[in-house]
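Working notes for the structure below.
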Amino acid sequence: MIELRDLTKKYGGFTAVDHLDLTIRTGEFFGLLGPNGAGKTTTISMMSTVLLPTEGEIHIDGCRLDRKASAQKRKLSVITQEYSMRQDMNMEEVMEYQGRLYRIPRKTIREKTSELLEFAGLAEYRKRTVRHLSGGMKRKLMICRALLIEPEILLLDEPTAGMDALSRRQMWNLLRRVNQENMTIVLTTHYIDEAQALCDRVALINKGRLQKLDTPESLIRELGAFAVDETGEDGLVSKYFHNREEAIGYLAAAGNQASLRATTLEDVFVVCAGRKL
Amino acid sequence: MGIITVLWEKWVEFRRDFYKITVAAMIGPLMYLIIFGMGIQTTSHGEPYLHFLIPGIVAMATMTGSFSAIAQNMSVQRLYEKALDQIMVSPTPLWQFILGQIIGGSLRGMYAGCVILFLTFPIRTDLVFTGLSLLIMFLNGMVFSTIALVLSFLAKSYTDAPRFTSYIITPMSFLCNTFFSTDQMPSGFRDVIALLPLSQTSAMIRAIANREAPGLFGFAILAAYLAVFGIISVVFIYRKKNL
Numbered sequence: 006m007i008e009l010r011d012l013t014k015k016y017g018g019f020t021a022v023d024h025l026d027l028t029i030r031t032g033e034f035f036g037l038l039g040p041n042g043a044g045k046t047t048t049i050s051m052m053s054t055v056l057l058p059t060e061g062e063i064h065i066d067g068c069r070l071d072r073k074a075s076a077q078k079r080k081l082s083v084i085t086q087e088y089s090m091r092q093d094m095n096m097e098e099v100m101e102y103q104g105r106l107y108r109i110p111r112k113t114i115r116e117k118t119s120e121l122l123e124f125a126g127l128a129e130y131r132k133r134t135v136r137h138l139s140g141g142m143k144r145k146l147m148i149c150r151a152l153l154i155e156p157e158i159l160l161l162d163e164p165t166a167g168m169d170a171l172s173r174r175q176m177w178n179l180l181r182r183v184n185q186e187n188m189t190i191v192l193t194t195h196y197i198d199e200a201q202a203l204c205d206r207v208a209l210i211n212k213g214r215l216q217k218l219d220t221p222e223s224l225i226r227e228l229g230a231f232a233v234d235e236t237g238e239d240g241l242v243s244k245y246f247h248n249r250e251e252a253i254g255y256l257a258a259a260g261n262q263a264s265l266r267a268t269t270l271e272d273v274f275v276v277c278a279g280r281k282l
Numbered sequence: 121m122g123i124i125t126v127l128w129e130k131w132v133e134f135r136r137d138f139y140k141i142t143v144a145a146m147i148g149p150l151m152y153l154i155i156f157g158m159g160i161q162t163t164s165h166g167e168p169y170l171h172f173l174i175p176g177i178v179a180m181a182t183m184t185g186s187f188s189a190i191a192q193n194m195s196v197q198r199l200y201e202k203a204l205d206q207i208m209v210s211p212t213p214l215w216q217f218i219l220g221q222i223i224g225g226s227l228r229g230m231y232a233g234c235v236i237l238f239l240t241f242p243i244r245t246d247l248v249f250t251g252l253s254l255l256i257m258f259l260n261g262m263v264f265s266t267i268a269l270v271l272s273f274l275a276k277s278y279t280d281a282p283r284f285t286s287y288i289i290t291p292m293s294f295l296c297n298t299f300f301s302t303d304q305m306p307s308g309f310r311d312v313i314a315l316l317p318l319s320q321t322s323a324m325i326r327a328i329a330n331r332e333a334p335g336l337f338g339f340a341i342l343a344a345y346l347a348v349f350g351i352i353s354v355v356f357i358y359r360k361k362n363l
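So the sequences go chain by chain: A and B. Going by this note's numbering, the first sequence runs without a break in its numbering and finishes at 282. Going by this note's numbering, the second sequence runs without a break in its numbering and finishes at 363.
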């Protein structure tokens with residue numbers, strides 16, 4: 006279980022994360038959503054101890070996480086938004102470095118590296134330097150690196166950024182699979198469909214503050230499960246309804262310029278962010 | 121264990137960039153040896169100037185080798201590659217990472233110093249280099265690796281590394297007992313220069329080269345720098361809020 010207690014991060018006068026309280030259950034697939042600059046990456050960076058909070062604490066399974074907490078850090082693996090790897094190492098060296106940092110026996114490192122690179126379709130590039138990999142390949146390598154250590158908690162900051170649609174779907178399947186093995190996953194993403202497809206619960210944050218926290222289904226239900234998109238003078242406007250009859254009634258009155266569809270988590274995000282920004 | 125991991129990483133880097141590292145370690149000192157030692161032929165205290173110059177160049181090569189290995193590498197890892205994030209989140213104790221960097225940087229400095237010793241070996245001098253000389257080179261390398269670590273944690277941009285070299289390494293190279301004896305300097309200035317680590321390293325290596333005993337004061341100065349900057353780097357990596 007991960008607990009964020011009153012977590013705050015300030016840069017001078019700017020508050021990036023503002024007294025954030027969250028509890029993420031063991032084995033949960035948890036999404037952290039918000040517009041650009043909402044504080045998602047800062048939160049992940051504090052959870053990986055790269056940044057230290059100005060106020061508040063993070064606890065993992067009841068023990069406080071800080072840079073000295075090797076036992077807690079052993080449970081964590083992080084995939085950052087940037088390609089945080091030695092650019093002049095080849096794939097095998099990147100994996101070996103990671104394995105050594107986590108004190109994994111070298112034989113195990115070699116075996117798991119082969120297995121993971123094979124699985125990610127990277128095996129034939131194992132001797133290629135990171136600098137010479139495409140963005141998607143670097144992203145896959147970061148995931149292989151993160152999974153090498155078999156973490157209990159996986160922190161993912163925009164893990165599918167720069168990936169094509171097929172690779173994204175492959176990644177979703179992989180993340181679902183590791184989550185089913187009771188790995189806790191914390192995900193930040195700009196792809197709201199990704200969060201809706203994967204996450205058990207999502208937290209919507211804006212300007213560093215928690216706005217909403219619930220399952221995607223509950224958040225959608227709260228807004229209204231039926232959406233009518235209407236093209237008017239102000240562009241596309243969506244209206245949300247709790248039952249189909251209401252939505253159909255509105256649609257009939259609106260004429261040809263409207264269409265009915267199911268509300269998505271993206272609607273919740275847009276409404277929430279739109280109100281606050 | 122973490123120390124071995126960092127040394128392994130340094131070894132991977134060294135193996136990959138062996139020629140670049142070796143040539144970079146040779147060019148500057150070799151130019152100084154050719155220009156000041158062979159081109160401008162002169163004497164110092166009745167001895168060929170090369171006898172004075174070689175120990176200073178060895179000390180200087182150790183300093184620049186160690187400093188550049190850590191300052192550039194860590195600045196790029198921290199600010200450009202963000203590879204330091206991988207270290208921060210790992211369970212490897214961060215003090216072991218720091219110590220690994222210091223030892224790894226020092227070994228690179230020693231390599232640069234040994235390259236100069238190798239190059240000057242054919243020159244017939246009576247200079248002596250012993251195990252104690254190597255120990256002093258190693259200690260000097262540790263001092264400058266530690267200084268480089270602290271500066272790279274303070275760097276705001278990875279282009280700061282060359283600036284640190286301009287501000288710290290270049291003045292020390294010229295002032296600290298490398299090319300000329302600091303005995304002739306005005307007393308106050310001389311005392312300040314004497315407190316700088318390269319001055320003491322040059323003096324100690326030169327003393328051994330001339331079959332004299334190195335002063336303990338030199339070891340004390342190097343140990344003091346190592347302790348102060350070592351503590352600062354450990355405090356930074358554990359306490360600095362935005363690494």
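Positions of the beta carbon are idealized from the N, C-alpha and C atoms, including for glycine.
- Message: Output needed for A/Met188: all residues of its chain with C-beta closer than 8 Å, excluding positions within five of it in sequence on either side, in chain order.
- Response: Here residue 188 of chain A is taken as the residue at index 183 of the first sequence, counted from 1. So the qualifying residues of the chain are Gly32, Pro156, Glu157, Ile158 and Leu159.
- What's the gap between the Cα of A/Arg136 and the Cα of B/Tyr278? Translated into positions along the first sequence, residue 136 of chain A becomes position 131. Translated into positions along the second sequence, residue 278 of chain B becomes position 158. Cα-Cα distance, rounded: 17 Å.
- At least three beta-carbon pairs within less than 8 Å, the segment 198-214 of chain B to the segment 59-75 of chain A: yes
- Query: Got a sec: does the ligand COA put a non-hydrogen atom nearer than 6 Å to the Cβ of B/Trp215?
  - Reply: The ligand COA is not part of this structure, which contains no ligands at all.
- Apply the 10 Å Cβ neighbour rule to B/Thr290 and answer buried if 16 or more other Cβ atoms are within range, or exposed otherwise. For this step, residue 290 of chain B is matched to residue 170 along the second sequence. That one is exposed.
- Item | Min CB distance B/Met121 to chain A below 7 Å | Along the second sequence, read from residue 1 onward, the residue named residue 121 of chain B stands at position 1. Answer yes: the Cβ-Cβ gap between B/Met121 and chain A drops below 7 Å somewhere.
- Query: When the Cα atoms are used, what is the spatial distance from B/Leu254 to B/Met230?
  - Reply: Taking the first residue of the second sequence as position 1, residue 254 of chain B is located at position 134. Taking the first residue of the second sequence as position 1, residue 230 of chain B is located at position 110. When rounded, the distance between both Cα atoms is 8 Å.
- Do A/Gly36 and A/Leu192 have their C-beta atoms closer together than 7 Å? Within the first sequence, residue 36 of chain A is the residue found at index 31, counting from 1. Within the first sequence, residue 192 of chain A is the residue found at index 187, counting from 1. Cβ distance < 7 Å, so A/Gly36 and A/Leu192 count as in contact.
- Item | Of the residues A/Cys149, A/Thr220 and A/Leu122, the one placed nearest A/Ala208, counting alpha carbons only | One-based indexing of the first sequence puts residue 208 of chain A at position 203. When each option's Cα is compared against that of A/Ala208, the closest is A/Thr220.
- Query: So with Cβ pairs under 7 Å, would you call B/Ala191 a contact of chain A?
  - Reply: Position 71 of the second sequence holds residue 191 of chain B. Closer than 7 Å: no.
- Query: Quick one: Cα of A/Thr269 to Cα of A/Ile154, how far?
  - Reply: If you number the first sequence from 1, residue 269 of chain A lands on position 264. If you number the first sequence from 1, residue 154 of chain A lands on position 149. Each residue's Cα considered, the two are about 35 Å apart.
- Message: On the DSSP letters alone, give me the boundaries of the alpha helix (DSSP H) that A/Asn178 sits inside.
- Response: Sequence index remark: in the first sequence, residue 178 of chain A carries index 173 (1-based). Run containing A/Asn178: Ala170 to Gln185, per the alpha helix (DSSP H) assignment.
- Cutoff 7 Å: B/Ala203 Cβ touching any chain A Cβ: Counting from 1 along the second sequence, the entry for residue 203 of chain B is found at position 83. By this cut-off, B/Ala203 is an interface position.
- Message: With H, G and I counted as helix, E and B as strand and the rest as coil, what does DSSP make of A/Ser264?
- Response: Looking up residue 264 of chain A in the first sequence gives position 259. In this structure, A/Ser264 counts as strand in the three-state DSSP scheme.
- Under 9 Å by beta carbon: chain A residues contacting B/Lys361: The count along the second sequence starts at 1 and reaches residue 361 of chain B at position 241. The answer, in chain order, is Lys14, Leu56, Leu57, Pro58 and Thr59.
- Item | B/Thr245 vs B/Ile328 beta-carbon contact at 7 Å | What you label residue 245 of chain B is simply residue 125 of the second sequence in a count that begins at 1. What you label residue 328 of chain B is simply residue 208 of the second sequence in a count that begins at 1. Against a cut-off of 7 Å, the Cβ pair of B/Ile328 and B/Thr245 comes out as no contact.
- A/Gly44 and A/Ala21 closer than 7 Å at C-beta: For this step, residue 44 of chain A is matched to residue 39 along the first sequence. For this step, residue 21 of chain A is matched to residue 16 along the first sequence. Contact: yes.
- Item | Within-7 Å CB hit, B/Met194 to chain A | Residue mapping note: residue 194 of chain B aligns to position 74 of the second sequence, counting from 1. Not closer than 7 Å to any Cβ of chain A, the Cβ of B/Met194 fails to qualify, so no.
- Message: I want to know whether the segment 299-309 of chain B touches the segment 268-283 of chain B - three or more CB-CB distances under 8 Å.
- Response: no
- Taking buried to mean at least 16 other C-beta atoms within 10 Å of its own C-beta, is A/Gly240 buried or exposed? Taking the first residue of the first sequence as 1, we reach residue 240 of chain A at position 235. A/Gly240 is exposed by the Cβ-count criterion.
- Query: Does DSSP put A/Lys217 in a helix, in a strand, or in coil?
  - Reply: By 1-based counting over the first sequence, the position of residue 217 of chain A is 212. Residue state, collapsed to three classes: strand.
- Message: Is there a Cβ of chain A sitting closer than 7 Å to that of B/Val354, yes or no?
- Response: For the purposes of this step, residue 354 of chain B is identified with residue 234 of the second sequence, where counting begins at 1. So no, B/Val354 is outside the interface.
- Query: To the nearest whole angstrom, what separates the beta carbons of B/Ser319 and B/Ile313, a pair I think is in contact under 8 Å?
  - Reply: As a first step, residue 319 of chain B must be located in the second sequence, where it is residue number 199. As a first step, residue 313 of chain B must be located in the second sequence, where it is residue number 193. Indeed, because the Cβ distance is near 5 Å, the residues count as touching under 8 Å.
- For B/Ser188, which residues of its own chain have a beta-carbon under 6 Å away from its beta-carbon, when the five flanking residues on both sides are left out? Position 68 of the second sequence, counting from 1, holds the residue named residue 188 of chain B. Correct list: empty, nothing qualifies.
- Anticipated Cβ contact below 8 Å, A/Glu101 with A/Ile84, distance rounded: The residue you call residue 101 of chain A lines up with position 96 of the first sequence. The residue you call residue 84 of chain A lines up with position 79 of the first sequence. About 18 Å separates the two Cβ atoms, so there is no contact after all.
- Just tell me which of A/Lys212, A/Arg173 and A/Met52 has its CA closest to the CA of A/Ile197. As a working note, residue 197 of chain A is residue 192 in the first sequence. Selected option, being the one with the closest Cα: A/Arg173.
- Which of the three DSSP states, helix, strand or coil, is assigned to B/Arg198? Indexing the second sequence from 1 puts residue 198 of chain B at position 78. If DSSP states are grouped into helix, strand and coil, B/Arg198 belongs with the helices.
- Task: Quick one: give me the first and last residue of the beta strand (DSSP E) that A/Asp26 is part of.
- Result: In the first sequence, counting from the first residue as 1, residue 26 of chain A sits at position 21. Phe19 to Ile29 is the extent of the beta strand (DSSP E) around A/Asp26.
- Item | B/Trp128: contacting residues in chain A (beta-carbon distance under 7 Å) | One-based indexing of the second sequence puts residue 128 of chain B at position 8. Within 7 Å Cβ-Cβ: Arg105.
- Tell me, to the nearest whole angstrom, how far the beta carbon of A/Val99 is from that of A/Leu146; I am working on the premise that it is less than 8 Å. As a working mapping, residue 99 of chain A is identified with position 94 in the first sequence. As a working mapping, residue 146 of chain A is identified with position 141 in the first sequence. Indeed, because the Cβ distance is near 6 Å, the residues count as touching under 8 Å.
- Item | Under the three-state DSSP convention, the category B/Arg135 falls into | Translated into the one-based positions of the second sequence, residue 135 of chain B becomes position 15. Of the three classes helix, strand and coil, the one that applies to B/Arg135 here is helix, per DSSP.
- Is B/Thr285 closer than 7 Å to B/Gly176 when the C-beta atoms are compared? The sequence position of residue 176 of chain B within the second sequence is 56, counting from 1. The sequence position of residue 285 of chain B within the second sequence is 165, counting from 1. Not in contact: B/Gly176 and B/Thr285 (Cβ atoms no closer than 7 Å).
- Decide if A/Thr118 is buried, meaning its Cβ has at least 16 other Cβ atoms within 10 Å, or exposed. Counting from one through the first sequence, the residue named residue 118 of chain A turns up at place 113. That one is buried.
- Message: Distance check for A/His64 and A/Asp71, CA to CA, integer angstroms please.
- Response: On the first sequence, residue 71 of chain A is found 66 positions in, with the first residue counted as 1. On the first sequence, residue 64 of chain A is found 59 positions in, with the first residue counted as 1. Going from the Cα of A/Asp71 to the Cα of A/His64 covers about 9 Å.
- Message: Could you check whether B/Ala181 and B/Ile236 sit closer than 7 Å to each other, using their CB atoms as the reference points?
- Response: Position 116 of the second sequence holds residue 236 of chain B. Position 61 of the second sequence holds residue 181 of chain B. Taking 7 Å as the Cβ cut-off, B/Ile236 and B/Ala181 qualify as a contacting pair.
- Task: Taking A/Thr13 and A/Glu60 to be in contact with their CB atoms under 8 Å, please state how far apart those CB atoms are, rounded to whole angstroms.
- Result: The sequence position of residue 13 of chain A within the first sequence is 8, counting from 1. The sequence position of residue 60 of chain A within the first sequence is 55, counting from 1. Sure, about 4 Å apart at Cβ, within 8 Å.
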